[in-house]
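**Student:** Below are the structure tokens for one structure; questions will follow.
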Amino acid sequence: MSAYKDIAWNGIWKQNTILAQVLGLCPLLAVSSNFVNAVSLGLATIVVMMLSNFAISALRAFIPYEIRIPVFILIIAALVTGIDLAFNAFLHDLYMVLGIFIPLIVTNCIVLARVEAFAAKNGLRAATFDGLMMGVGFVWVIGLLGAVREFVGQGTLFSGIEMIFPKLSGIQILPESYPGFLIAMLPPGAFFVLGLLIAGRNWLDARANQRMREQRSHHQADHATDQANSVPV
Amino acid sequence: MSEPIEVPRRESSVLRISVRTAAIMLAFTLVFTSLMAGTYSATAPLVAASALAEKLRLIGEVLPPSLYDNDLMTDAITLPPQKSLGLDEETRLWRARKDGKPVALVLEAAALDGYSGRISLILSIDADGRLMAQRVTAHKETPGLGDYIDPKKDKNKKRPWITQFSDLGFDTVPREKWRVKKDGGRFDQMSGATISARAVTNASGRALAWTVERRDTLFSLPANSRYEQQGSKQ
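So the protein sequences, as listed, match chains A and B. Sequence positions in the first sequence follow this note's numbering and run 45 to 277. Sequence positions in the second sequence follow this note's numbering and run 53 to 286.
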């Protein structure tokens with residue numbers, strides 16, 4: 045069970061696709077200008093990552109090492125095309141909203157990275173779970189990025205949610221007269237906010253490490269005195 | 053003495069590995085391509101049906117059904133690809149009539165010069181040559197910035213940007229004023245996202261000019277016929 049705990053911790057924090065690996069910036073920066081779009085892309089990414097990790101873990105015995113990358117890309121592209129078509133056919137209303145994001149996922153190298161680094165070497169259940177957790181790590185960061193950019197850029201939150209839940213509507217947080225902050229909406233704004241998020245993560249990690257080191261040195265000191273006291277004369 | 057024997061052996065095993073690897077690659081390609089093709093043909097009818105339903109809904113947005121009494125789906129003609137409308141494939145042009153009299157033409161057009169490529173439009177143009185309404189049907193403009201050309205994304209819900217074109221014709225806005233204000237024209241744009249507005253404005257101007265010029269022909273062609281360029285120069 046602790047292996048699964050490790051996978052979850054890696055996906056959500058330690059090897060977070062965005063904050064630690066800084067992968068998949070193209071769709072990340074393009075779509076994170078508001079919260080609803082960002083989370084929508086994130087959820088579609090989770091589905092693709094779980095399926096591609098599952099498919100490649102299942103087929104890993106048949107894929108020669110030398111041509112693994114083209115085969116992975118082939119499988120991922122086929123999966124994404126299938127999901128795109130199925131969405132269009134069976135969930136057309138949702139497709140009108142999320143449709144543009146699905147082909148974008150192919151450009152997200154995180155899918156290929158996880159397949160190569162994890163799914164190709166691990167069993168079905170662990171690989172699928174890794175896809176899920178890496179996806180969750182992607183969603184929370186891209187969602188936060190979208191929320192910050194939307195708030196700073198437009199003074200709103202959840203705008204566009206009526207496309208997914210027609211009964212809900214976005215919230216105007218800053219007064220209507222807020223002129224907006226254009227740079228937050230443009231790709232440079234995404235870089236700024238992303239940089240701050242990465243710095244925040246590094247700061248939290250550095251603090252945690254420092255605490256751990258202090259605790260360890262306390263322990264060692266205690267231990268040392270214990271030993272010193274117990275040394276028989 | 054053993055060397056001359058070993059070299060050809062190695063070559064043959066390299067060849068065997070290459071052939072084997074290529075065969076596996078080919079097998080994967082065939083399997084996954086046929087999976088994609090299968091999914092495509094299985095979903096194609098459903099996709100086409102939802103595209104048609106979507107089209108009817110869009111026509112309803114630019115042309116209220118109360119204004120006409122004919123069946124638009126049968127009273128339509130086929131347009132071969134029209135460069136001046138920005139279209140590179142065949143489209144349909146629907147003709148609305150009331151009591152047999154021409155009411156409006158509904159057609160598709162596209163702007164190829166959006167900020168992120170193509171912006172597809174649907175327009176209704178009445179029998180007097182005025183643009184009744186237009187809607188953006190597909191675009192890739194920046195979310196939260198250039199996407200106000202789509203009224204669903206426009207923050208101004210009371211008077212979305214796209215509605216400023218309603219019921220205007222070249223009799224009220226001269227052809228050379230059918231531009232955004234930044235280009236010396238008549239129509240507003242949002243600062244910081246002029247390109248999207250300019251693309252839509254210019255495309256609608258081109259579509260209106262094209263339609264007005266051949267309005268009578270478009271109305272009088274038999275249903276389900278094909279519009280051919282009159283006196284077209286090759």
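Ideal Cβ placement from N, Cα and C applies to all residues, glycine included. Just so you know, these numbers come straight off a predicted model, no measurement behind them.
1. Is ILE56 of chain A closer than 8 Å to VAL92 of chain A when the C-beta atoms are compared?
2. So with CB distances below 8 Å, who are the chain B contacts of GLY126 of chain A?
3. If you drop the 5 nearest sequence neighbours on each side, which residues of the same chain put their C-beta closer than 8 Å to that of ASP268 of chain B?
4. Taking the beta carbon of MET177 of chain A as the centre, do at least 16 other beta carbons fall within 10 Å, making it buried, or is it exposed?
5. Got a sec? Which residues, its chain only, sit under 7 Å from SER284 of chain B by beta carbon, not counting five neighbours each side?
6. Please report the residue range of the beta strand (DSSP E) in which ALA163 of chain A lies.
7. So the candidates are A:VAL155, A:PRO219, A:ALA243 and A:LEU87; which of them puts its Cα closest to the Cα of GLY68 of chain A?
8. Taking CB distances under 8 Å as the criterion, tell me whether SER96 of chain A reaches chain B.
9. Which term fits LYS165 of chain A, buried or exposed, when burial requires 16 or more other beta carbons within 10 angstroms of its beta carbon?
10. Going by the DSSP bridge assignment, what does ASP178 of chain B pair with across the sheet?
11. Establish whether the CB of SER77 of chain A and some CB of chain B are separated by less than 8 Å.
12. Between LEU226 of chain A and chain B, is there a C-beta pair that is closer than 8 Å?
13. When you compare only the Cα positions, how much space is there between ILE100 of chain A and ILE113 of chain A?
14. Does the beta carbon of ILE247 of chain B sit closer than 8 Å to a beta carbon anywhere in chain A?
15. Starting from the C-beta of LEU123 of chain A, find all residues in its chain whose C-beta is less than 7 Å away, skip the five residues before and the five after it, and write them out in chain order.
16. Does any residue of chain A bring its CB to less than 8 Å from the CB of MET184 of chain B?
17. How about LEU188 of chain A and GLU194 of chain A: are their beta carbons less than 8 Å apart?
18. Mind checking if GLY196 of chain B is an interface residue toward chain A, Cβ cutoff 8 Å exclusive?
19. Measuring alpha carbon to alpha carbon, tell me which residue in B:PHE84, B:ASP199, B:SER172 and B:GLN216 is nearest ALA185 of chain B.
20. With distance defined between alpha-carbon atoms, name the residue in B:ILE247, B:ARG227 and B:VAL188 nearest to LYS234 of chain B.
21. Does any C-beta atom of chain A lie closer than 8 Å to the C-beta of MET77 of chain B?
22. Is GLY169 of chain B close to chain A, meaning its C-beta is less than 8 Å from at least one C-beta of that chain?
23. Buried or exposed: where does THR85 of chain B fall if 16 or more other Cβ atoms within 10 Å of its Cβ makes it buried?
24. Near ILE51 of chain A, which residues of its chain fall below 7 Å by C-beta distance, leaving aside the five closest residues on each side in sequence?
25. Please identify the residue among A:LEU168, A:ASN132 and A:PHE209 whose C-alpha is closest to the C-alpha of GLY143 of chain A.
26. At 3 residues or longer, what runs of the beta strand (DSSP E) sit wholly inside the stretch 178 to 255 of chain B?
27. With distances taken between CB atoms, is the gap from ALA255 of chain B to ALA162 of chain B smaller than 8 Å?
28. Within 10 Å of its beta-carbon, does ALA156 of chain B have 16 or more other beta-carbons around it, so buried, or fewer, so exposed?
29. Check the DSSP bridge columns for LYS7 of chain B and list the partner residues they point to.
30. According to DSSP, is GLN216 of chain A part of a helix, a strand, or is it coil?
31. Using 8 Å as the threshold, is the C-beta distance between LEU175 of chain B and VAL188 of chain B below it?
32. With 7 Å as the limit, tell me which residues of the stretch 227 to 255 of chain B have their beta carbon closer than that to any beta carbon of chain A; keep them in chain order.
33. Under the DSSP definition of a beta bridge, which residues are partnered with LYS150 of chain B?
34. Is any beta-carbon of chain A found at less than 8 Å from that of ARG278 of chain B?
35. Identify the contact partners of THR73 of chain B in chain A, using a Cβ-Cβ distance below 7 Å as the criterion.
36. I'd like to know whether the C-beta of PRO114 of chain A is nearer than 8 Å to at least one C-beta of chain B.
**Tutor:** Let me spell this out:
1. Taking the first sequence and counting its residues from 1, one reaches residue 92 of chain A at position 48. Taking the first sequence and counting its residues from 1, one reaches residue 56 of chain A at position 12. Their beta carbons are not under 8 Å apart, which means VAL92 of chain A does not touch ILE56 of chain A by this criterion.
2. Your numbering for residue 126 of chain A matches position 82 in the first sequence. Those are LEU87, MET88 and THR91, listed as they occur along chain B.
3. Here residue 268 of chain B is taken as the residue at index 216 of the second sequence, counted from 1. Excluding sequence neighbours, ASP268 of chain B sits near nothing in its chain.
4. The residue you call residue 177 of chain A lines up with position 133 of the first sequence. By the neighbour-count rule (16 or more Cβ atoms within 10 Å), MET177 of chain A is buried.
5. As a first step, residue 284 of chain B is located in the second sequence; it is residue number 232 there, counting from the start. Here the model assigns SER284 of chain B a pLDDT of 48, short of 50, so the residue's position is not dependable, and the following value carries that caveat. Closer than 7 Å at Cβ, skipping near neighbours: no residue.
6. For the purposes of this step, residue 163 of chain A is taken as the residue at position 119 of the first sequence. Counting along the chain, ALA163 of chain A falls outside any beta strand (DSSP E), and DSSP gives it neither H nor E.
7. Mapped onto the first sequence, residue 68 of chain A falls at position 24. GLY68 of chain A has its Cα closest to that of A:VAL155, out of A:VAL155, A:PRO219, A:ALA243 and A:LEU87.
8. For the purposes of this step, residue 96 of chain A is taken as residue 52 along the first sequence, with counting starting at 1. For SER96 of chain A, the answer is no, since every Cβ of chain B falls outside 8 Å of its Cβ.
9. Within the first sequence, the letter at position 121 stands for residue 165 of chain A. Exposed, because fewer than 16 other Cβ atoms sit within 10 Å of the Cβ of LYS165 of chain A.
10. The count along the second sequence starts at 1 and reaches residue 178 of chain B at position 126. Per DSSP, B:ALA156.
11. The sequence position of residue 77 of chain A within the first sequence is 33, counting from 1. Closer than 8 Å to some Cβ of chain B, the Cβ of SER77 of chain A qualifies, so yes.
12. In the first sequence, residue 226 of chain A corresponds to position 182, counting from 1. For LEU226 of chain A, the answer is yes, since a Cβ of chain B falls inside 8 Å of its Cβ.
13. Residue 100 of chain A sits at position 56 when you count from the first residue of the first sequence. Residue 113 of chain A sits at position 69 when you count from the first residue of the first sequence. Going by the C-alpha atoms only, they are around 11 Å apart.
14. Here the question's residue 247 of chain B lines up with position 195 in the second sequence. Judged by the 8 Å Cβ criterion, ILE247 of chain B is not in contact with chain A.
15. In the first sequence, residue 123 of chain A corresponds to position 79, counting from 1. Closer than 7 Å at the Cβ level, and outside the excluded window around LEU123 of chain A, lie VAL92, LEU95, SER96 and ALA99.
16. Stepping through the second sequence from its first residue, residue 184 of chain B is reached at position 132. So no, MET184 of chain B is outside the interface.
17. By one-based count along the first sequence, residue 188 of chain A stands at place 144. By one-based count along the first sequence, residue 194 of chain A stands at place 150. For LEU188 of chain A and GLU194 of chain A, no; Cβs fall outside 8 Å.
18. For the purposes of this step, residue 196 of chain B is identified with residue 144 of the second sequence, where counting begins at 1. With 8 Å as the cut-off, GLY196 of chain B counts as an interface residue toward chain A.
19. In the second sequence, counting from the first residue as 1, residue 185 of chain B sits at position 133. Residue B:GLN216 is the option with its Cα nearest to ALA185 of chain B.
20. The residue labelled residue 234 of chain B in the question sits at position 182 within the second sequence. Considering only alpha carbons, the answer is B:ILE247.
21. Along the second sequence, read from residue 1 onward, the residue named residue 77 of chain B stands at position 25. At least one chain A Cβ lies under 8 Å of MET77 of chain B.
22. Working through the second sequence from its first residue, we reach residue 169 of chain B at position 117. By this cut-off, GLY169 of chain B is not an interface position.
23. Counted from its first residue, the second sequence places residue 85 of chain B at position 33. THR85 of chain B should be labelled exposed.
24. In the first sequence, the residue the question calls residue 51 of chain A occupies position 7. Correct list, in chain order: ALA170, PHE173, ASP174 and MET177.
25. Numbered from its first residue, the first sequence carries residue 143 of chain A at position 99. When only C-alpha atoms are compared, the closest one is A:ASN132.
26. 182 to 190
27. By one-based count along the second sequence, residue 255 of chain B stands at place 203. By one-based count along the second sequence, residue 162 of chain B stands at place 110. It is a contact, given that the beta carbons lie within the stated cut-off.
28. As a working note, residue 156 of chain B is residue 104 in the second sequence. Buried, because 16 or more other Cβ atoms sit within 10 Å of the Cβ of ALA156 of chain B.
29. As shown, chain B starts at 53 and ends at 286. That puts residue 7 of chain B outside it, with no answer to give.
30. As a first step, residue 216 of chain A must be located in the first sequence, where it is residue number 172. Residue state, collapsed to three classes: strand.
31. Position 123 of the second sequence, counted from the start, is the residue given in the question as residue 175 of chain B. Position 136 of the second sequence, counted from the start, is the residue given in the question as residue 188 of chain B. Cβ distance not < 8 Å, so LEU175 of chain B and VAL188 of chain B don't count as in contact.
32. GLY244
33. The sequence position of residue 150 of chain B within the second sequence is 98, counting from 1. Paired residue(s): B:LYS153.
34. Residue numbering aside, residue 278 of chain B sits at position 226 when the second sequence is read from its first letter. Not an interface residue.
35. Locating residue 73 of chain B in the second sequence gives position 21, counting from the first residue. Those are PRO108, GLU110 and ILE111, listed as they occur along chain A.
36. Within the first sequence, the letter at position 70 stands for residue 114 of chain A. It does; some Cβ of chain B falls within 8 Å.
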